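Just so it is clear: in the sequence shown, position 66 is 53 by the working numbering, and no numbers are missing.
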Amino acid sequence: MIAAFDEVAYDGAAVEQMKIWLLRQKQVQDWETSRATTEAIYALLGRGTNLLLNNELVKIEVGGKELSAKQMGDTQAGTGYFATTWNAAEITPAMAQVSVTKPDDGIAWGAMYWQYFEDLDKITTAATPLQVEKKLFVERDSATTGRMIVPVTDGDKLVVGDKLVVRIIMRTDRDLEYVHLRDMRAAAFEPVNVLSRYKYSSGLGYYETTTDVAVDFFFDALPKGTYVFEYPLVATVRGDFSNGITTLQCMYAPEFSAHSEGIRVKVEGR
-12 MIAAFDEVAY
-2 DGAAVEQMKI
8 WLLRQKQVQD
18 WETSRATTEA
28 IYALLGRGTN
38 LLLNNELVKI
48 EVGGKELSAK
58 QMGDTQAGTG
68 YFATTWNAAE
78 ITPAMAQVSV
88 TKPDDGIAWG
98 AMYWQYFEDL
108 DKITTAATPL
118 QVEKKLFVER
128 DSATTGRMIV
138 PVTDGDKLVV
148 GDKLVVRIIM
158 RTDRDLEYVH
168 LRDMRAAAFE
178 PVNVLSRYKY
188 SSGLGYYETT
198 TDVAVDFFFD
208 ALPKGTYVFE
218 YPLVATVRGD
228 FSNGITTLQC
238 MYAPEFSAHS
248 EGIRVKVEGR
């Protein structure tokens, strides 16, 4: 398509837009074969603007202060990639304001990570292009509707032997590949499904594996949309527990990640 718009339509603007699309597609997906990779690189470098000539560094301001050449360090040839870090003592609230300016043509992207320590049940949801929501339900008998599930909120009391359902809602605004979903659980809960296997649900194929502290889901491809997963647990131990959080991350582009909020659960004896 890039060759057609370049040689037949003589549409330089469309060529540049398609090159941007091709680069953004590579950000979160895989060019599956060496031939596809070769053709994509040929289209990027052989048509339109020569991207390798755009070697001027991006201007980045963090907390009103521009990153110096020393902070950027040695940039990667061709891509201009670099990474920099700050120690805990250097971080201020003002650094939440980040400004990026690209002085020449082309495309640039990056990510900024805040790392900190917090109790799992005090973590709040993350605001990213990906969204993951975790809800916990307990099965109850009703005289009118029969068996039903009731939401479990922070501090609700459960009893040993209760059957629970974990519901995970994922939302993505773009097609992703190589995605890892990890759902932590309280030490009081034991999974009903303990065998690792490949499954198909909600229009997705994925591999599910259960560990001592979490259930992991691995997706080869996660198309744009909303997905809902559920799996059962049983309360087996009394006490006050953190139910952990659920994390979602594109392994091909780790900056695309999200996590749910955490809650506490209390389990009592019968």
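Idealized CB from N, CA, C, for every residue including glycine. Owing to the predicted nature of the structure, the values given are computational and were not obtained by experimental measurement.
Item                                                                                                                      : Value
DSSP bridge partner residues for A64 (one or two, in chain order)                                                         : BP columns for A64 are empty, so no partner.
Rounded straight-line distance, which links the Cα of L44 to that of S86                                                  : 14 Å
Exposure of F(-8), with buried meaning 16 or more beta-carbon neighbours within 10 Å                                      : buried
Segment contact, 8 Å Cβ cut-off, at least three pairs: the segment 77 to 84 with the segment 105 to 118                   : no
Chain-order list of residues whose beta-carbon lies under 6 Å from that of R11 (same chain, five-residue window excluded) : none
Inter-stretch contact (C-beta, 8 Å, three-pair minimum) for the segment 154 to 170 and the segment 195 to 211             : yes
Residue from K253, A240 and V252 whose Cα sits closest to the Cα of D17                                                   : A240
Spatial neighbours of D128 in its chain, beta-carbon cut-off 7 Å, leaving aside the 5 residues before and after           : R134
Validate contact between the segment 137 to 147 and the segment 185 to 192 using beta carbons, cut 8 Å, 3 pairs           : no
Span of the beta strand (DSSP E) around R127                                                                              : L117 to S129
Extent of the continuous beta strand (DSSP E) to which E177 belongs                                                       : F176 to P178
Assigned secondary structure, M82 (DSSP; H/G/I helix, E/B strand, else coil)                                              : helix
Range of the contiguous alpha helix (DSSP H) that encloses D(-7)                                                          : I(-11) to E(-6)
Cβ neighbour criterion (16 or more within 10 Å) applied to R172                                                           : buried
Cβ distance (whole Å) where G231 is taken to contact L54 below 8 Å                                                        : Contact flag wrong, Cβ pair sits at about 36 Å.
Identified DSSP bridge partners for E195                                                                                  : R184 and F204
Spatial distance of P80 from T88 (CA atoms)                                                                               : 21 Å
For T213, the residue or residues it bridges with in DSSP                                                                 : R158
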